[in-house]
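In the working numbering, the protein residues as written are 4 to 91. Every residue, glycine too, gets a C-beta built ideally from N, C-alpha and C.
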């Protein structure tokens, strides 16, 4: 209920020789493409929308995360979760 979910593109800082920075930049771009694919696959959203949404920090409420497809449900308390698991 009070939780927030943050999605954003991968980030990193690089230092060193230009060839090393280039390697790091390629890896970050590879990771971003993988993140976009995984989020699109598991949320059912179009890759273009995912790409737009992770361009900057996107902060979602718990219910928005459900609506987005990132989580299945919001559990208010551990007791509630235990009761649901027990089928009560």
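So, for residue 42: in the same chain, excluding its five sequence neighbours on each side, which residues have a beta-carbon less than 6 angstroms away from its beta-carbon? 53, listed in sequence order.
Whole-angstrom distance between residue 35 and residue 16, CA atom to CA atom: If you take the alpha carbons of residue 16 and residue 35, they lie about 15 angstroms apart.
What are the boundary residues of the alpha helix (DSSP H) that residue 69 is part of? Start and end: 65-71.
Considering only the beta carbon of each residue, do residue 7 and residue 64 sit closer than 8 angstroms? Yes, the pair counts as a contact, with Cβ atoms nearer than the cut-off.
Backbone CA spacing between residue 18 and residue 89 [nearest angstrom]: So the two alpha carbons sit approximately 52 angstroms from each other.
For residue 51 and residue 30, what's the separation of their Cα atoms in angstroms? Whole-angstrom Cα-Cα distance: 20 angstroms.
Check this for me: beta carbons of residue 57 and residue 12, under 8 angstroms apart or not? Cβ atoms of residue 57 and residue 12: closer than 8 angstroms.
Answer with buried or exposed for residue 4, where buried requires no fewer than 16 other C-beta atoms within 10 angstroms of its C-beta. Under this definition residue 4 is an exposed residue.
For residue 48, which option in 71, 32, 61 and 62 has the closest C-alpha, if you only look at C-alpha atoms? Shortest Cα-Cα distance from residue 48 to any of 71, 32, 61 and 62 involves 71.
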